[in-house]
Amino acid sequence: MFDQNQLPFDMVQLLDENGNGDEEALQQFSDEFLVTLYKWMRKARVIDERLLKMQRQGRIGTYAPFSGQEAAQIGSVLALEKEDWIFPSYREIAACLAHGLPLTQIFHYVRGHVLGGRTPEHLNIFPIQIIIGAQTLHATGCAWAAKLKGEKQVSVCYFGDGATSEGDFHEAMNFASVYQVPVIFFCQNNQYAISVPVHKQTASWTIAQKAIAYGMKGVLVDGNDALAVYKTMKEAVDSARNGEGPMLIEALTYRLGPHTTSDDPTKYRSAEEAEQWRRKKDPLHRLRVLLEKRGLWTEEKEEAWVAQANDEITAAYEEAVAAETGSIVDVFDYVYGKPSKLLQEQQQEAARRKQGKEVK
Amino acid sequence: MAEKTMIQAINEAMRQEMERDERVIVLGEDVGKNGGVFRATDGLLEQFGDRRVFDTPLAESGIIGTSIGLAVNGFRPIAEIQFLGFVYQAMDQLAAQAARLRFRSAGRFTCPLVVRSPYGGGVRTPELHSDALEALFTHSPGLKIVMPSNAYDAKGLLISAIRDEDPVLFLEPMKLYRALRMEVPDEPYEIPLGKARVVKEGEDVTIISWGAAVPLVAKLAVEMKSKGIDAEVIDLRCLQPLDIDTIVESVEKTGRVMIVHEAVKTNGFGAEIAALISERALFTLSAPIVRVTGYDTPYPVPSVEDDWLPNAARIFEGVQMLMRY
Ligand SMILES: Cc1ncc(C[n+]2csc(CCOP(=O)(O)OP(=O)(O)O)c2C)c(N)n1
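Protein chains in written order, with numbering that gives the first Met the number 0: chain G, 0 to 359; chain H, 0 to 324.
Below you can see the structure in the form of C-alpha cells.
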C-alpha cells in the first residue's frame, strides 16, 4: 500500500508552545518587529472578541470569528509589501486590517452597508470571498498579470482546509505552476470546515504535500507560531518576487470559536479540545513569553494596549454607525458601467418608493 | 471591403483589437498553435506571440477565474470556452464571480472580460456541444450577453464587447461560422451593445429572434411575403442589454408576435420577452404570443435534431395560427 511517509513534511517551527526556541534563529527578529507583530495580534484578538459580542447584541450581522488564527494571518501578511495583493475569504479580517484596510470598513461590511465591499482605491485587497476556493483563481490571474507586465507585486490567496477540496483550488495550483506566476496559496488549516474535520476532507496527511503533484514547493508551518509563519512567508514572497514561481503554505492552526455566529461547535468537537488549544497553543501566549523574556512587554503595556485597541474599535464603530448606510437606490449603480433601460426603470421605481410616492 | 465569413470577421475583430490595445490577450483551450477548433484565433499566436495568446490547461473554471484576476490587474482578456455546453464547468466563475465583481466591490473593481463560445445546433455535434444556454446567463445581473447572427454584426459587436468595461458573454452560432459570406469593412467599427436590428420591415406580424435562428427566420419571411403575409423580423443581437423599445414599437405596429429561438422552451428568453410585451403592449395584441423553440428535452442526437430545432414547418404553422386571429 502507498505509504504517505514517503512524502515527508517537517513542520517549520521557531517558537514552541511555551515561547522557547533556538536563540540563534530568534536573533534574526528585531525587538521592534517582535513588538509590532505582537501588537497586531493582540489588537486583532480584541477586535474579534468585540465583534463577536456586537453580533450577540444584534449590532452587526453574521460574523466569522478568527481567534486562534492571529499568528497565521498577521505573521503572513506582515511579510508583504504594501503593493502586494491579498485575496481574502470571510475569515481573514485580521490579515485585511494589517494590510491596511480601515477598521471602519470592516464595520461597514459586517453591518451590511451598500458600500461595505469596497476596498479603498490605494489598497490591493480584493473583496471578501464567500464562495469557497473561488479566490484562488483570481489571485492566480492577478499574479499572472503582474508577471506579464513585469511588475513585482506578489498575490496572496487565503483559504481554509475545506477549500482544498474544491476544483478551483486545484485548477489554480495547476495554472499557477504551469505559468510560474508570483502567487502564494496560503491555507489556514484550522482543522474544521464548519463541522467536518480535516481528515474527512482529504486523505492526504498534509495539505502542503499536495503541492508536489503540481510541481511547486509546499511547506507545512506551525500556524500558531507567528515567527515561523513570517519566516516561511517571507521566503515564499521573496522567491515569488524573484520569478521563482508559486508556493503552497499550510499553516496548521485552530479556530477557537464557532465557524460563524450561527454555528454551535459543541455539536462536532469537544470543549476539552478547544480548551487545550486555548491554554497550551495560543499564538498570542507564546509570542508574549518571548517578548517578556526580552524585556519588551509588561502587564501594564498589555493593559494600555488593550485599552487603546478598545477605544479604536469604539471610534471606528461609531464612525460606521454615523455614516449613511446607503439605500436600495444605490445598488443599481454597481451592476453595469451604464445601466440598461430596464434596470434604470427599476431604479426609478425604487427611488419613487423611497420618496414615499405612489407607484403608478 | 471584402466578403467575409463570420469566423473571418471574428478573427479580424480580435486581431485588430489586439493591435490597437496591448492589454487585449487571448486565452483558452487550443486557441494558440491550433488557432481554435473552429480557427477563430488562427494566426494570433504567430502575430502576437506567447505573451498575448495562451494555450491554457484544460480547465474552464480556471480559464474564466484567472481571466478575472487578469482583468482586475490591467488586462482585457478574451477567453474562449471551446463549446458552450462546457460552460457549466465554469458556472460560478462566470455567473457569480465575473458578473458580480463590480457589485461586490461597489464599483472598486470592474471585469472587462469577453468570454467567446460557439453554440447552436444543426451541425451534428456530439452531446453537449450544441446547446443554446443563453437564458442561464440572463439570470446573472452584471453580465452582458451578445449573440450575433451574421459576419458584419459579429465583427462590430465583438469590437464593442472587447472595449466594454463589463464582462460580456459572446455566443457564436457555429452553424453560421462559414455558412454565408457578406461584405464586412476591413477597418474596425463598433455596433453598440443593446441595439436590435430590424432585418425586414413588415406590417402583419413581428418575428423576434436572435443568433443561429435569424437567417432561417429572415429567409422564411421572404417566402411569407410571396404568400401574402408581411412579417417584420427583429434580430435582437443582444439579450442583455435588451432593446425593448424596438420590440414594443414593432408590436404596436403589427399586433402579432412570434418568438423564435433554439434554446428549450420553458424559461427560455422568449418567455421573458413575452412577459415584457404583456407588461408594455398587451392591448395592442390581436393574438396570443407564439413561441417556436427547441423542445423541452436535452439537445437530441443527430438523427432527430432537424425536427427538434425550430424549422420552416414549425415557423409557418405558427405564423398561420397567428394570422387566423
Ligand atoms: C462553494 C461553497 N460551498 C459551501 C459553502 C458553505 N460554507 C461556508 S464556509 C464552509 C466551510 C469552509 O471551510 P474551510 O475552507 O476550511 O474554511 P474555514 O471556514 O475553516 O476558514 C462551508 C461549507 C460556501 N460558502 N461555498
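All residues carry an ideal CB built from backbone N, CA and C; glycine is no exception.
Query	Result
Cutoff 8 Å: residue 165/H Cβ touching any chain G Cβ	yes
Secondary structure of residue 75/H, DSSP reduced to three states	strand
Residue 83/G at chain H interface by Cβ criterion, 8 Å	no
When 211/G, 307/G, 173/G and 282/G are compared against residue 61/H, the one with the closest alpha-carbon	173/G
Distance cut-off 7 Å: residue 187/G Cβ against heavy atoms of ligand 1	yes
C-beta contact flag for residue 225/G and residue 70/G at 8 Å	yes
The segment 187–197 of chain H contacting the segment 105–121 of chain H, beta-carbon criterion three pairs below 8 Å	no
Residue 192/G in three-state terms, based on DSSP	strand
Option in 198/G, 277/G and 318/G with minimal Cα separation from residue 16/G	277/G
Closer than 8 Å at the beta carbon, the chain H residues around residue 117/G	104, 105, 106 and 107
Euclidean distance between Cα positions of residue 95/H and residue 129/G	11 Å
is_contact[residue 249/H, chain G] using C-beta, thresh 8 Å	no
C-beta neighbour in chain G for residue 33/H, strict 8 Å	no
Ligand 1 heavy atom lying under 7 Å from the CB of residue 192/G	yes
Whole-angstrom C-beta distance between residue 166/G and residue 90/G, which should lie under 8 Å	So it is not a contact: roughly 21 Å between Cβ atoms.
Chain-ordered chain G contacts of residue 74/H [CB-CB under 9 Å]	140, 143, 144, 147 and 148
From 97/G, 327/G and 88/G, residue whose alpha carbon lies closest to that of residue 41/G	97/G
beta-carbon residue 178/H near ligand 1 non-hydrogen atom, thresh 7 Å	no
Neighbourhood of residue 43/H by C-beta, 6 Å cutoff - its chain only, sequence neighbours within 5 removed	25 and 52
Residue of 150/G, 30/G, 26/G and 19/G minimising C-alpha distance to residue 82/G	150/G
Cβ-Cβ separation, residue 155/G to residue 79/G (assumed contact under 8 Å), whole Å	7 Å
Members of the segment 23–47 of chain H near chain G, C-beta cut-off 7 Å	none
Three CB pairs or more closer than 8 Å across the segment 128–144 of chain H and the segment 163–179 of chain H	yes
Any 3 or more C-beta pairs closer than 8 Å across the segment 172–181 of chain H and the segment 120–137 of chain H	yes
Endpoints, the alpha helix (DSSP H) within which residue 214/H is located	213–225
Neighbour flag for residue 60/H against chain G, beta carbons, 8 Å	yes
Interface partners of residue 65/H on chain G, CB under 7 Å	136, 139, 140, 143 and 174
Paired residues, beta bridge with residue 185/G - DSSP	157/G and 248/G
Proximity test, residue 166/G beta-carbon vs ligand 1 heavy atom, cut-off 7 Å	no
Cα-Cα separation, residue 296/H to residue 317/H	20 Å
is_contact[residue 114/G, chain H] using C-beta, thresh 8 Å	yes
Same chain only: Cβ atoms within 6 Å of residue 126/G, ignoring 5 sequence neighbours per side	116
Check whether residue 97/H and residue 268/H have beta carbons under 8 Å apart	no
8 Å CB neighbourhood of residue 137/H in its chain, flanking five on each side removed	144, 238, 239, 268 and 271
Residue 212/G, DSSP secondary structure in three states	helix
Which listed residue (259/G, 350/G and 334/G) has its alpha carbon closest to that of residue 59/G	259/G
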